[in-house]
Every structure is written in C-alpha cells, then in structure tokens.
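Be aware that the first sequence starts at 2, since it is given in the numbering used here, and climbs by one per residue. Backbone N, C-alpha and C define an ideal beta-carbon position, used for all residues, glycine too. Bear in mind the structure is a predicted one, so any value in this text is a computation, not a measurement.
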Amino acid sequence: MTNKIRVRIAPSPTGALHIGTARSALFNYLFAKKNKGVFVLRIEDTDLERSDLKWVQDIIEELKWLGIGWQEGPDIDGKYGPYKQSQRLDIYEKYIKKLLNEKKAYYCFCSEDELEAMRQEQMNRGAAPRYNGKCLSLSKEKIKNLLEKNSSSVIRFKIQNKKIKFTDLIRGEIEFDSSLIGDIVIAKDLNTPLYNFAVAVDDYEMEISHVIRGEDHISNTPKQILIQEALDFYQPIYAHLPLILAPDRTKLSKRHNVVSIKDYREQGYLPEAMINFMALLGWNPGTEKEMFTLSSLAKEFSLEKVQKPGAVFNIKKLDFINGFYIREKTIERLTELCLPYLILAKLIEEYSGGYKILETGEEILLVTLQKIIKAYQLRFKKLSEIAELTDFFFKEKLDYKKEILRWQEMGDKDIKDSLLASEKILSKINQSASEWNNKNLEEELINGAERFNIEKGYQENNRGFLLWPLRVALSGKQASASPFEIADILGKEKTLQRIKKALEIVS
RNA sequence: GCUCCUAUCGUCUAGUGGUUAGGACAUCAGCUUCUCAAGCUGGUAACACCGGUUCGACUCCGGUUAGGAGCACCA
Numbered sequence: 002m003t004n005k006i007r008v009r010i011a012p013s014p015t016g017a018l019h020i021g022t023a024r025s026a027l028f029n030y031l032f033a034k035k036n037k038g039v040f041v042l043r044i045e046d047t048d049l050e051r052s053d054l055k056w057v058q059d060i061i062e063e064l065k066w067l068g069i070g071w072q073e074g075p076d077i078d079g080k081y082g083p084y085k086q087s088q089r090l091d092i093y094e095k096y097i098k099k100l101l102n103e104k105k106a107y108y109c110f111c112s113e114d115e116l117e118a119m120r121q122e123q124m125n126r127g128a129a130p131r132y133n134g135k136c137l138s139l140s141k142e143k144i145k146n147l148l149e150k151n152s153s154s155v156i157r158f159k160i161q162n163k164k165i166k167f168t169d170l171i172r173g174e175i176e177f178d179s180s181l182i183g184d185i186v187i188a189k190d191l192n193t194p195l196y197n198f199a200v201a202v203d204d205y206e207m208e209i210s211h212v213i214r215g216e217d218h219i220s221n222t223p224k225q226i227l228i229q230e231a232l233d234f235y236q237p238i239y240a241h242l243p244l245i246l247a248p249d250r251t252k253l254s255k256r257h258n259v260v261s262i263k264d265y266r267e268q269g270y271l272p273e274a275m276i277n278f279m280a281l282l283g284w285n286p287g288t289e290k291e292m293f294t295l296s297s298l299a300k301e302f303s304l305e306k307v308q309k310p311g312a313v314f315n316i317k318k319l320d321f322i323n324g325f326y327i328r329e330k331t332i333e334r335l336t337e338l339c340l341p342y343l344i345l346a347k348l349i350e351e352y353s354g355g356y357k358i359l360e361t362g363e364e365i366l367l368v369t370l371q372k373i374i375k376a377y378q379l380r381f382k383k384l385s386e387i388a389e390l391t392d393f394f395f396k397e398k399l400d401y402k403k404e405i406l407r408w409q410e411m412g413d414k415d416i417k418d419s420l421l422a423s424e425k426i427l428s429k430i431n432q433s434a435s436e437w438n439n440k441n442l443e444e445e446l447i448n449g450a451e452r453f454n455i456e457k458g459y460q461e462n463n464r465g466f467l468l469w470p471l472r473v474a475l476s477g478k479q480a481s482a483s484p485f486e487i488a489d490i491l492g493k494e495k496t497l498q499r500i501k502k503a504l505e506i507v508s
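Take a look at the structure:
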C-alpha cells in the first residue's frame, strides 16, 4: 500500500445514479481533494443479469453534471487496470484459486431449497441465519466428481471464528463476532465473483487507502476484513457515512421517493444546489456558513465533522438553496438554462439561430427572452417552473375569470374605468426604447394611479385600483411580475390589445 | 428473531461539565408592496426517559425506550 490517499466509489450499474451514491461520491471526492489524493470510479458490474451499459453512461453523465470528476476510472487510463469488474475476471480467478488451494474456501453443492430450509429452521430457533458448513468436509474425489457432473455449485469462504474490530473514522471502534456470520459465498464459480469478495480484491489491487461509503455497508465490513486477512491484504481505513433518509426516517427508496440525480436535473435543480444540499446532509463546517461551492467545500471538508445519525432529506431546503443559486446566475446564463423548459412546454421553438413563438410563429429576440426571465428571477425555485409562470407572454388568448380583475371592493363599472384609464395613459406613450420602457412605464402608471384615485375618491396611496386590473389584464394571473415589466416586454400593441380584451370580459 | 448503528427545535445542525442552548430551512407576525416573490425585522419551537459520576450535567458512564440499517448464489 502506498502512503497516498486513494478513495473510490463503486456504483453498480443497475439503475440511474442514486442521490445516496452521488453523496458518497461527493464526500469521497472532497476527501481526496482536501488531502491531495486520488478519486477512483469503479463500476461494479459483477451481476451481469442486472447490469446495463446504459446505466454506466448515466452514472458518468450525472457525475460530470455535478462537477464531480475522477482521476481514474471510465474514460481515463489507469495503471491499476480496467475499472469495470466484468473486465477484471482473471484477477478474481487468481485469488479464488489461491483461497481454494489454501483450503480457505470450498465448493458447496447445497441447493437453494436446502439453504432456505436451513435459514428458516435457524430463524425459528432465534439464531442468526448462517450456513451450517455442510459441504466443508467433502472429499477431494467427491468434489471432483460433482464438478465433472456439472452439479450446480458455489464457492464459499471459510469464516474464522473470532472477534473482528475495526476503527471507523466516523463512528469509532466497531466490533463484530464472526461466529455469527457463517461461511459466505464469494463466487458462483471461478469466473463469477460476488460483491464482498470482488470489493476486497479490488480495493487491494487499486490500493484504496480509505473506504468511505454508506452506513448500510457496516455489516459487510467484517466479511471484507476476513477476506483481506485470508489473502494477506492490508486493511484500508473505513468511514461509514450516515444514510439519507426519507421523511418517514427510512432509507430513501426508489419506490416512494425521487432518488435519481437525473430526475432532479430534469426538474430544474442546479448542480450547485445539489452539491451544496448534499454536503449539508450529514456534514457541517462547524461555523454558521451554509452556502458552499464545490471548490470551497473541497477546502473546508473534513470527515471529523461528519454526523453519525441519518439525515432526513428536506426538499424545502433544497428548493431554498436552488432558489438562491438561481438568483446568483447572470441573466444570460439563466436564460440559457430556462430555454429548454420553454421549448419543452411548446411555448417557443428554435429556428435558424433564433427563437420564435410557437403559437404565432413570430420571432422573439433573445434579449426579450432575457427580459422575461429577469422579471421572474426572484420568483421561482426550480427551472421547470418557468414555463407555467411565463406562459402568458407567448399566448394570444388569455384564459381567466372576470372576477380576478377585481381589486378589493371595486364594482364592474369601476374595473372598466380603471382599464380605460390605463389604456388612456399607455396610448399616449410612444413605442420607442426611450419611452416604452420599464422605468418610464412605472413612472407614468404610478402617477396615473394617483390621479385615478383622486378622481374616483379612492384612498390615495392604494395603487391597486389602477395597477391590479391592468396587471391581471396583461398576465391573466393573480400572481405575476409587475404590470410595468410585463407591458415593457409585451410592447405597446399587445399591451393595448390585452386591455381591450379585458374590457370585453368585464362587459 | 439475531447483529450492528443512532438519539438537541417539525427538518438539517452548533454545542465536548457551568450558555438567556446558537444558526439555517419551514412556520407565524410586521415592514416593503398592485399581486406573487425577493429582501429586512421580530416571534413560536428542542436536549427521549431513568439511574449513576460530579459542587454542577445537553455534554461522561450504565440501563430503558424509540428509530434505523444489515442478516442472498444483489450490490
């Protein structure tokens, strides 16, 4: 073993990258960065039945999206050989044979039914279910015979009865009694290794110094340690991370929760937010600082500050953090990020280098799109929300009830008067950049609102009598950006059209 | 059932024998305000329980209770 810090994550490609795996990756990555070590990505695809190349792609894509890079692993040559277990079969075979020769492992011909019955009987007795060692003393001839007959068999590892102690960087000393474990299956045959065995071999072969993984692996650790000892391997240092929990405090599962990073990305969560949020789940800097970029985390991270108890996944906090990073974006970048969602919602489409409104086919300039996004930058938490919030900019016909045009105790006649007053003010303003802009529109309309209130005998500073019906007429919504921003973006013609429509609706 | 792990506001957490138990999200109120946000100000809200140790325990020890994870020819 070198003195170098070498860590890894070892996902199995049996599904989309899970948020728990992503957080393990983050913590390993940060630990490596902090200690100038190496972060390895190893693909654990020993289970060919369940593994699929498309999930390897997903793991790679999503880790890259998060900004978590590896120094050794897929796409990158390494001196430790291939990083997919299915390409390392000869390595495992060598060690399986070694264990077999040294009588530390043996063939087992018990049927699954037999094993199931054994387990049941032990459970009923209140004992820990474990293999009873039936095939341990089979004679050489008998084994040879059965193997030649192609009887189905597996290879078991002989568990030494002893106390196994190891130090966990997060939890301290952990002790297991190996007599409770029973001889585990380490391979189905010489070419089909199983998890606990493959992990022990790979961690050794890849010179992994620290194994940082989820708490759900604690009970695998003694098995792996025993295999390491039998093979005369060094023992890596362990650190078991607290689990990410669902609101009911059980392990986050695909069945009841959104767990894949891909889904969060598609919902419009930013990688910065995911990283910041995942880091805070089970770790804190010991200060009151909570907002972190990946690189600031790499400086401040330490395993000593990792929590012991599991952490409940709080989506509201993720939303808050995501909103924070949305507000941090430049408007150019944020618009770029939002565009796909507007396209997906069939509001706009891309054409020869520009964009057009899908419904009317009219061109919409990038600067206009940026104005729209800017008007909503403070108003959304997930990118996917942008379409519903801003759809009225791209629609000809607004669909709303007359009732929502009403501000406080206004009668229908009052609403009409209000809209007519707005119309009068706005038609006097020229559609030119120097006049028809947010600032000037605001000035004119606020002055107008005061005049309108005096005229109608309303309370003077209650601008809603003019502004509310106007804003609803332009947006069709009870909640939206200001009428000034909207009118500015819509332009004079559409603004006046929408006021006319509203007047029709009141009548 | 067995093994292991865990226990501070609803949630994420600070705290390492003496604190008005701090922060963040959420929540509530106020300010701002045409609305919704954002922002600012303030409020409500926690040491699971029982024993020790100690002049003194959220903090150390033991137990109880509760929760979780693991117990495959999956990883």
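*Start-to-end residues for the beta strand (DSSP E) that takes in Leu359*: Against the first sequence, residue 359 aligns to sequence position 358. Taken as a continuous stretch (DSSP letters only), Leu359 belongs to no beta strand (DSSP E), as it is neither H nor E.
* To do: State the beta-bridge partners of Lys252 as determined by DSSP.
  => Taking the first sequence and counting its residues from 1, one reaches residue 252 at position 251. In the DSSP output, where bridge partners are listed per residue, Lys252 has Leu246.
Requested in this report: Given a cut-off of 7 Å, decide if Glu45 and Gln72 are closer than it, judged by their beta-carbon atoms.
Outcome: By one-based count along the first sequence, residue 72 stands at place 71. By one-based count along the first sequence, residue 45 stands at place 44. The answer is no: Cβ separation not under 7 Å.
Secondary structure of Val368, DSSP reduced to three states
For the purposes of this step, residue 368 is taken as the residue at position 367 of the first sequence. For Val368, the secondary structure class from DSSP, reduced to helix, strand or coil, is helix.
Check your understanding: Among Leu446, Arg250 and Gly477, which has the Cα closest to the Cα of Arg464?
Key -> The residue given as residue 464 occupies position 463 in the first sequence. Nearest to Arg464 by alpha-carbon distance, out of Leu446, Arg250 and Gly477, is Leu446.
query = Among Trp284, Arg266, Ala274 and Glu103, which has the Cα closest to the Cα of Lys318?
reply = Here residue 318 refers to the residue found at position 317 of the first sequence. Nearest C-alpha to Lys318: Ala274.
(request) Alpha carbon to alpha carbon, how far is Glu329 from Leu497? Give it in angstroms, no decimals. (result) Residue numbering aside, residue 497 sits at position 496 when the first sequence is read from its first letter. Residue numbering aside, residue 329 sits at position 328 when the first sequence is read from its first letter. C-alpha separation (whole angstroms): 34 Å.
- [ ] Could you name the residues of the same chain whose beta carbon sits closer than 7 Å to that of Ala33, not counting the 5 residues immediately before and after it, in chain order?
- [x] Taking the first sequence and counting its residues from 1, the one referred to as residue 33 is at position 32. Excluding residues up to 5 positions away in sequence, Ile6, Val8, Val39 and Phe40 lie with their Cβ nearer than 7 Å to the Cβ of Ala33 in the same chain.
Check: Under 7 Å, do Ile262 and Glu63 count as touching if we go by C-beta distance?
Finding: Translated into positions along the first sequence, residue 262 becomes position 261. Translated into positions along the first sequence, residue 63 becomes position 62. In this structure, Glu63 lies closer than 7 Å to Ile262 by Cβ.
Fill in: Spatially closest choice to Asp169 from Ser13, Val307, Ile144 and Val155, by CA coordinates
Along the first sequence, read from residue 1 onward, the residue named residue 169 stands at position 168. Nearest C-alpha to Asp169: Val307.
Sequence-distant residues of the same chain with beta carbon closer than 7 Å to Ala422, five excluded per side = Stepping through the first sequence from its first residue, residue 422 is reached at position 421. Excluding its 5 nearest sequence neighbours in each direction, Ala422 has C-beta neighbours in its own chain below 7 Å: Gly449, Phe453 and Leu467, listed in chain order.
* Asked: Under 7 Å, do Tyr132 and Asp184 count as touching if we go by C-beta distance?
  -> As a position in the first sequence, residue 132 is number 131, starting the count at 1. As a position in the first sequence, residue 184 is number 183, starting the count at 1. Cβ distance < 7 Å, so Tyr132 and Asp184 count as in contact.
Quick check on the burial criterion: 16 or more other C-beta atoms within 10 angstroms. Buried or exposed for Asp204?
Along the first sequence, one-based indexing puts residue 204 at 203. The residue in question, Asp204, is buried, as its Cβ has 16 or more Cβ neighbours within 10 Å.
**Item:** Chain-order list of residues whose beta-carbon lies under 8 Å from that of Arg499 (same chain, five-residue window excluded)
**Value:** The residue labelled residue 499 in the question sits at position 498 within the first sequence. In its chain, beyond the 5 residues on either side, Leu399, Ala474, Leu475 and Leu491 have a beta carbon closer than 8 Å to the beta carbon of Arg499.
Check: Is the number of C-beta pairs between the segment 186-202 and the segment 246-257 that are closer than 8 Å three or more?
Finding: In short, these stretches do not touch, since the Cβ pair count stays below three.
Whole alpha helix (DSSP H) runs in the segment 434-496 with 4 or more residues, listed along the chain? If we require 4 residues or more, the alpha helix (DSSP H) runs fully inside the segment 434-496 come out as 439-457, 465-476 and 484-491.
Would you call the segment 91-102 and the segment 15-33 touching, i.e. three or more CB-CB distances under 8 Å? Result no; under three Cβ-Cβ pairs closer than 8 Å.
Pull up the DSSP beta-bridge partners for Lys164, would you.
What you label residue 164 is simply residue 163 of the first sequence in a count that begins at 1. Paired residues: Asp178.
What three-state label does DSSP hand Lys189 in the structure shown?
-> Here residue 189 corresponds to residue number 188 of the first sequence, with the count starting at 1. Reduced to three states, the DSSP call for Lys189 is strand.
Practice prompt. Specify, as a first and last residue, the run of the beta strand (DSSP E) that Glu350 falls within.
Written response: Residue mapping note: residue 350 aligns to position 349 of the first sequence, counting from 1. Per DSSP, Glu350 is one residue of the beta strand (DSSP E) stretching across Ile349 to Tyr352.
Assuming contact is defined by CB atoms lying nearer than 7 Å, are Phe110 and Ser140 in contact in what I supplied?
The residue you call residue 110 lines up with position 109 of the first sequence. The residue you call residue 140 lines up with position 139 of the first sequence. Going by C-beta atoms, Phe110 is not nearer than 7 Å to Ser140.
### Task
State the beta-bridge partners of His241 as determined by DSSP.
Taking the first residue of the first sequence as 1, we reach residue 241 at position 240. Beta-bridge pairing links His241 to Arg214.
**OP:** Quick one: which unbroken beta strand (DSSP E) runs of 3-plus residues sit fully inside the segment 7-77? Chain order, please.
**Re:** The segment 7-77 contains these whole beta strand (DSSP E) runs: 7-10 and 39-42.
Margin query: Using the Cβ count rule (16 or more neighbours within 10 Å means buried), how would you classify Tyr107?
Written below: Position 106 of the first sequence, counting from 1, holds the residue named residue 107. Classification of Tyr107: buried, given that the 10 Å Cβ count is 16 or more.
Q) If you count every other CB in all the chains shown that lies within 10 Å of the CB of Met292, and 16 or more means buried, which is it? A) By one-based count along the first sequence, residue 292 stands at place 291. The residue in question, Met292, is exposed, as its Cβ has fewer than 16 Cβ neighbours within 10 Å.
- Message: Restricting to Cα atoms, I'd like to know which of Gly127, Gly134, Ile209 and Lys224 is closest to Met166.
- Response: As a working mapping, residue 166 is identified with position 165 in the first sequence. The sequence shown places Lys at residue 166, not Met. Measuring from the Cα of Lys166, the nearest candidate turns out to be Lys224.
Exercise for the section: Determine which residues share a DSSP beta bridge with Cys136 and list them. Expected result: For this step, residue 136 is matched to residue 135 along the first sequence. Per DSSP, none; premise fails for Cys136.
Worksheet item: Residues in its own chain within less than 7 Å of Ser180 by CB, not counting five upstream and five downstream?
Response: Within the first sequence, residue 180 is the residue found at index 179, counting from 1. For Ser180, where only same-chain residues beyond five positions count, the Cβ hits under 7 Å are Asn162.
Secondary structure at Cys109, three-state DSSP: helix, strand or coil?
-> Residue numbering aside, residue 109 sits at position 108 when the first sequence is read from its first letter. When secondary structure is reduced to three states using DSSP, Cys109 falls in the strand class.
Quick one: using the 10 Å Cβ neighbour count with 16 as the cut-off for buried, is Arg43 buried or exposed?
-> Looking up residue 43 in the first sequence gives position 42. Arg43 comes out buried.
(Q) Quick check: Leu18 and Asp76, are their CB atoms within less than 7 Å of each other? (A) If you number the first sequence from 1, residue 18 lands on position 17. If you number the first sequence from 1, residue 76 lands on position 75. It is not a contact, given that the beta carbons lie outside the stated cut-off.
| task | Please determine, among Val507, Lys429 and Pro484, the residue with the shortest C-alpha to C-alpha distance to Lys440. | result | Start at 1 with the first residue of the first sequence, and residue 440 comes out as number 439. Comparing C-alpha distances from Lys440 to each of Val507, Lys429 and Pro484 shows the shortest one belongs to Pro484.
Have a look at Gly362, Cys136, Ala240 and Met119 and flag the residue whose alpha-carbon is nearest the alpha-carbon of Ala128.
Numbered from 1 along the first sequence, position 127 holds the residue referred to as residue 128. Ala128 has its Cα closest to that of Met119, out of Gly362, Cys136, Ala240 and Met119.
Label Gly283 either buried or exposed according to how many other C-beta atoms from any shown protein chain fall within 10 Å of its C-beta, with 16 as the threshold for buried. Locating residue 283 in the first sequence gives position 282, counting from the first residue. With 16 or more other CB atoms across the displayed protein chains lying within 10 angstroms of its CB, Gly283 is buried.
Considering only residues of the same chain and omitting the five flanking positions on each side of Ile344, which have a CB-CB separation below 7 Å?
-> Numbered from its first residue, the first sequence carries residue 344 at position 343. Only Glu350 and Glu351 meet the Cβ criterion.
- The beta strand (DSSP E) with Ile262 in it runs from where to where? Position 261 of the first sequence, counted from the first residue, corresponds to residue 262. Residue range Ile262 to Glu267 is occupied by the alpha helix (DSSP H) that includes Ile262, with no beta strand (DSSP E) assigned at that position.
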